[in-house]
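In what follows, a single structure is set out as structure tokens and then discussed.
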Ligand code: GAR
């Protein structure tokens with residue numbers, strides 16, 4: 196990371212984008228950190244409306260652009276972010292991008308990895324699995340992205356209690372609150 200210059204973030208999101216909004220709000224008036232763009236793989240994702248409202252550039256790409264060409268890689272090289280932040284992004288990042296941006300891509304996972312990680316474990320699937328297992332706690336894991344899904348070095352974890360009466364939706368709500376608090380903080384720590 197370059198010292199002393201304005202830091203640039205690129206965010207990836209696939210869904211509602213509440214984490215994108217929390218990050219955008221956190222850095223809104225920050226003199227040294229800006230969001231260059233949000234990239235999404237879902238043409239009708241709610242995050243697009245949020246970006247319109249927040250005046251953030253949003254770019255859509257399809258599977259071909261991501262996995263079968265260097266289009267997304269080239270966009271990223273041009274944007275030259277200090278940090279790439281996966282914020283509810285549901286596709287595995289191709290090795291070419293991971294290697295080009297080594298140690299500059301982070302992800303947030305809505306459980307305490309290594310539990311409930313890997314392919315198919317995202318969003319409500321994770322919270323349903325936690326509920327069905329009868330776990331008494333869950334939480335978040337913020338980690339670097341490497342070539343193996345959900346296995347990169349852990350940067351921070353935080354826990355919430357799961358009560359017997361909590362539904363999967365209740366767990367999701369509590370986990371989201373943790374995400375909004377910790378993800379922007381970690382991003383700031385990594386950038387400054
Ligand atoms: C978040 O809970 C995030 O941790 C999770 O998706 C949700 C997106 O919510 N990510 C994954 O499951 C990645 N494997 P949001 O779109 O409202 O930010």
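In our numbering, the protein residues as written are 196 to 387.
Every residue gets a Cβ at the ideal spot worked out from N, C-alpha and C, and that includes glycine.
(message) Can you give me the C-alpha to C-alpha distance between residue 271 and residue 202, rounded to a whole angstrom?
(response) Distance between the alpha carbons of residue 271 and residue 202 is about 14 Å.
(message) Runs of 3 residues minimum, wholly inside the region 213-237: which ones carry the beta strand (DSSP E) assignment?
(response) 228-235
(request) May I ask whether a heavy atom of the ligand GAR can be found less than 8 Å away from the beta carbon of residue 304? (result) yes
(request) Look up residue 379 in the DSSP assignment and say whether it is helix, strand or coil. (result) helix
(message) When you compare the region 270-290 with the region 218-236, are there three or more beta-carbon pairs, one atom per stretch, that lie closer than 8 Å?
(response) yes
(request) State the DSSP-derived secondary structure class of residue 267, mapped to helix, strand or coil. (result) helix
(message) For residue 381, which residues in the same chain have their Cβ closer than 8 Å to its Cβ, ignoring the five residues on either side in sequence?
(response) 301, 337, 350, 351
(message) Just checking residue 225 against the ligand GAR - is the residue's beta carbon closer than 8 Å to any of the ligand's heavy atoms?
(response) no
(message) Only counting the same chain, and skipping five residues up and downstream in sequence, which positions put a Cβ closer than 7 Å to that of residue 353?
(response) The residues are 334, 335, 373, 377.
(request) Hey, could you find the ends of the beta strand (DSSP E) residue 245 is sitting in? (result) Unbroken run through residue 245 is the alpha helix (DSSP H), 241-249; no beta strand (DSSP E).
(request) Might you give, ordered along the chain, the residues of its own chain that have their beta carbon closer than 6 Å to the beta carbon of residue 311, omitting 5 neighbours on each side? (result) 321, 324
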